[in-house]
Structures are given as structure tokens and as C-alpha cells.
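> Residues in the sequence shown are numbered from 422 upward in steps of one, following our numbering.
Where is the CB? At the ideal position from N, CA and C, for every residue including glycine.
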Amino acid sequence: MSAGTLSGRVGRALRWSTTGTVVVRLGNLGLGIVIARIVSPEEFGLYAIALTVQSVVMALADLGLSADLVRSPDFERRTGPVAVLGLVTGGTLTLLTALSAPALASAMGGPGAAGPIAILAATFLLAGVGVVPFATLQRQLDQRGLFRSNAVDFGVGAVVTLVLAALGYGLVGLAVGRVAGQACGVATQFWLTRARLRFSWDRTVVRSVLAFGLPVAAANLLSWVLLSVDRVVLGNLAGAVELGFYVLAANISTWPMTLVGQALRSVTLPAFSQVRERARAALVPLLGPVWWAVAAAAAMLAALAHPVVVLVYGARWEPAAQILVPLAVVGAVRVVSDVLAGYLYALGRSRGVLAVQVAWLVALVPATVAGARLGGSMGVATAQAAVAVGVLVPAYLVLLRRSRDEVAALARALAVPGLAAVAAVAAGMAAADRVENALLGGLLAGAVTFVLYVATTFAWVRPRWRAARTALDGPEEDQTREEAPAEAGAPITLPVPRLDPPEPAVAHAVPAARPRGTTP
């Protein structure tokens, strides 16, 4: 696999993205531990409120501007109007959020968070200013460059936060550190791309950008609703104890899925955009190996649920282990849906992706209510898995509008690893039942699941990996024409510094356009 081919650049981008995700998460974990020893729990909680407001507003600030630049063949023509839209949108949201900070903080139950909310509002302007260099790096699959900018972001933010916290400005220091880090990160992106702020106006381009971007912004906002439906329903219908077990299991379920999903999301849109003419033919060859890897991660997570919960959190959290099994299925389906969304975004079909999310939400609300009433936390987790498999996947197959043969090929690409994973987990759990010690039984289940899954699917996936590389690279004579800059990669969209425990399983992801904060 030559480094100059698209498959070579995608592979290098995936390696950088995976490495960057791990490094950023470990860095945020360490920073969070240090900050927790400096600031008070009250300050930490108020900052969490401020970050929550910032995250929701950033979903609106996105407008799909970077995604539009990444996917569009007329990149140069669109940069000027996109820069204007980014500046206007970011500046307006910065002003409105800063002015409404006291009301927002009171509505969230933490009036003391007004100051941090007003300070963090500056990140919307920074995101708007940096939309073009960010999209340039993403378009070029320059994951290495984006890792550098995020490293600068994290390093500057961490230093400013720690210095101000040590001086007694704990709450303000957290917010100022976040803004300072993002400012330096955006400056680094400008330096890496040698980009300059150039503004121009073209009504035709603006209409095209908004027609694509507004559904993306709506989908980003809707993802926050999808993230909270299960918790709101469970907390109201089943109580705090059931919610606690569920949240713990949901947090664990994101460990492998966030790593795999983040790496894939970082390259899916730019990769499909670069093979737009043959993206339709490339989807099935790419989806098979991706789903194989994701199904393997879900199978191992389900099989090792008991030992992971008990070893990491203690025996009193043992009921969360069974909840983790269906949530592993949910996480796997969401990762694949991200790949399909990236494919559709590359073709400009953002409205279709939004329609799928609306259908998902419409099915999810009654399903989670019924699940909470019938089975508590386990019922909600089962309902989530049922909707993901029974609604989300079929909705995408319908949206793809392929021929009957192509839909059948897609279904087979999903079915073979999926069925193998289910069979391997069932065999692993059956083996575990024969061991009296629950912990040893869980470890045995994991070993049996891994061996059986790989043994039964390796011959199936091996030629498909080769087919995926061929689908990306295309005819040999096209490869030189599709050469891109040597630096390859895709964005790490995780915010830094971030002071958070493992985050909940992401809702159906739309390609994140710019760095954004999340709740600690």
C-alpha cells in the first residue's frame, strides 16, 4: 500500500487519528486529575454547566461550513464566502451568548456559571475565523497537522488553566485556558496551511453552502437530543439507582467505540469526497472491513462486560454488566452509521441524513419509555439496541437508494460479521457459565469470543481489505491525478483541555467541523 495512494494516505490518517485520540484523552484525564485537586467541586460543577452551554451553541455555530469545503470540488471559489459566513455566524453567536450568559446560567441551575459562559462565548468567534484552515487540513487528510494544532491547543490551555487556578482564579482560569488554547490552535492551523483571511461574496455559493449546511447544523443539534433521551426518560421513570447503573454502562460502552469511531469519522468525509465519481462503487468494499472491526470491538466489550465492570468499578456495580451488552450493539451500529453519513455528506445529501436522525428520534422516544417501564435500565438499553438495528440501519439502506442487488450486498456486508459476533459472544458466555468464579468466567468468555470471531471471519474479511484499498485507489492511471500533499490526516474534534469522565455513547455523528467543548 503505497503512501502516495489514497488508501495509503487514509491508512496514515487513521493511524494519526487513533494516536491523537488516545494522547488527547490521556492528557485530558491527567489534567482533570490535577485540576480536581486545585478547584472546588462547586467551581468544577459550574464550569461543567458553562461547557454544556458552549457545546450546544457550537452545534449551531457549525453550519456545516467546514464539511461543505471538504466535499466541494470548487474549493477556492467557496473559501471567501465561507469565511464571511463563519465570521458573521461566530461573531453573532459570541455576542448573543455573552449578553444572555446570566439568563442561560440561571436556566441551567447555576447562576455562578454566567462569567465562564460569557468567556467561553469567544470560542464561537475563533471557530468562525478558523473555518477555512481547519477545512483545508481536513480536506488534505492532514491528520498530522491537525494533531499538531490540537497539541498546541492542549498545551497552552493546560498551562494557562493551571497557572490561573494556582493563583486562585479557578473558575475563570478554566474558561480563559479553554479560550487561550483554542486561539493558539487556530493560529497554528493558519500557520500550517499558510492560509490568509480572504473575504468575498457570491450569492450562488452562499445559497449552496446554506442549503447543505443548515441541515448539518440541525443534525448536530439533534444529536444532543438523541444523547439525552435515554437518561431523561430513565431518570424520570425508574429513579436514580437505575440511572446510575445505566450511565456507568453507557460510559464504558464508549471506550472502544469512541476510539474507533473518532478515527473513522476523521477520514470518512474527505476520503469519499476525493473519490466522489466512484464513491458509490467504493461504499460496499469499504463498509465490510469497517463493520468487521467494529463488530469485533462490540463482541469483546459484550463478552468482557462483567470483568471490566467489576475490576474497574467494583462489585457493587455488577448490575451494570448486563446493561453493557446491548449498549455495545448500539455503539457499533452508531459507528457504522457515521461512515454512511460521511458517504452521504460527500455527495451533498445532508437533508437525507437529517431525515434519518428525525426518524431515529421518533422511534427512540416511545421505545425508551416502554423499555424503562418494563425493564428499567436493562429495558432502556435493549430498546436502544432494537431501534438502532431495526430502524437506524434500515433507514440508511432506504436512503442510499441503491438497486436491489446493491442493497443485498450492503446487507451481506453487515450480516456476516454481525452474525459471527453474536455467535462468538454466545459461545463465550456459555463457556463462562461452566466456571464458578465469575471473574475468571468473564475472562474466559472474552478469550473464547475473540478466538471464535477471528477464526470464523478472517477468511471472509481478508480479501475485502484488499478490495477496500483498490476501491479507494481506483484505476492505476488515476492515482497520480489524485495525489494530495504528503502530510495526511483528519481532524481530532475532541476539545482540549477537557475535564471529563468517559463520555456517553455519541449520537449519530455528523462530521464535526471545528473544535468544541464538552461537559467535564
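1) For A804, which residues from the same chain have a beta carbon less than 6 Å from its beta carbon, with the 5 sequence-adjacent residues on both sides left out?
2) According to the Cβ coordinates, are G849 and H727 closer than 8 Å?
3) Please go through the same chain and pick out, in chain order, the residues whose beta-carbon is closer than 6 Å to the beta-carbon of A742, but skip the five residues on each side of it.
4) Mind checking which residues open and close the alpha helix (DSSP H) that includes I459?
5) Would DSSP call Q610 helix, strand or coil?
6) Count the other CB atoms within 10 Å of the CB of L647; is the residue buried (16 or more) or exposed (fewer)?
7) Below 8 Å on the Cβ atoms is my contact criterion, and I expect P838 with T870 to pass it. Report the Cβ-Cβ distance as a whole number of Å.
8) Would you check if the region 497-506 and the region 560-571 touch, i.e. whether three or more CB-CB distances between them fall below 8 Å?
9) When you compare each of R833, V875, L821 to V846 by their alpha carbons, which one comes out closest?
10) Taking DSSP as the reference, what is the three-state secondary structure of H929?
11) Give the straight-line distance between the Cα atoms of L583 and Q475, rounded to the nearest whole angstrom.
12) Are I540 and V477 closer than 8 Å when you measure CB to CB?
13) Using alpha carbons as the reference points, say which of V607, S758, R737 lies closest to G682.
14) Is the beta carbon of M678 sitting closer than 8 Å to the one on V756?
15) How many angstroms separate the CA atom of V733 from the CA atom of T513?
16) Report the rounded CA-to-CA distance for L486 versus V856, giving the unit in angstroms.
17) Should W622 go down as buried or exposed, given a rule of 16 or more other Cβ atoms within 10 Å for buried?
18) So L618 is in the alpha helix (DSSP H); what residue range does that whole segment cover?
19) Using alpha carbons as the reference points, say which of A586, A753, V711 lies closest to V455.
20) Within 8 Å, do at least three Cβ pairs link the region 427-438 to the region 701-714?
21) What is the DSSP secondary structure of T582, reduced to helix, strand or coil?
22) Hey, how far is the Cα of V431 from the Cα of A767?
23) Could you check where the alpha helix (DSSP H) with Q778 kicks off and where it finishes?
24) Between the region 632-642 and the region 588-600, do at least 3 Cβ pairs fall closer than 8 Å?
25) With 16 as the cutoff for other CB atoms within 10 Å, does L643 come out buried or exposed?
26) Counting only the same chain and skipping the five closest in sequence on each side, list residues whose C-beta sits under 7 Å from that of G656.
27) Got a sec, what are the start and stop residues for the alpha helix (DSSP H) D979 sits in?
28) Determine the extent of the alpha helix (DSSP H) in which D489 is found, giving its start and end residues.
29) Tell me whether V367 is buried or exposed, calling it buried when 16 or more other Cβ atoms sit within 10 Å of its Cβ.
30) Rounded to the nearest angstrom, what separates A718 and L618 at their Cα positions?
31) Buried or exposed for W645, please, with buried defined as at least 16 other CB atoms from any protein chain shown within 10 angstroms of its CB.
32) Taking 7 Å as the cut-off, is the C-beta of A480 nearer than that to any heavy atom in the ligand NAP?
For this structure:
1) A788, T789, G792
2) no
3) A726, H727, V730
4) Premise fails: I459 is in no alpha helix (DSSP H) and is neither H nor E.
5) helix
6) buried
7) Not really, about 13 Å apart at Cβ, beyond 8 Å.
8) no
9) V875
10) Because the pLDDT of H929 is 41, which lies under 50, any placement of that residue in the model is unreliable, and the number read from its coordinates should be weighed accordingly. Coil, per DSSP.
11) 21 Å
12) no
13) S758
14) yes
15) 45 Å
16) 55 Å
17) exposed
18) Run containing L618: none; DSSP gives neither H nor E here.
19) A586
20) no
21) helix
22) 16 Å
23) 771-808
24) no
25) buried
26) L664
27) Outside the shown range of the chain (422 to 941) lies residue 979, about which nothing can therefore be said.
28) 486-492
29) Here the chain comprises residues numbered 422 to 941, so residue 367 is not present and cannot be evaluated.
30) 43 Å
31) exposed
32) Among the components modelled here there is no ligand, and therefore nothing to report on the ligand NAP.
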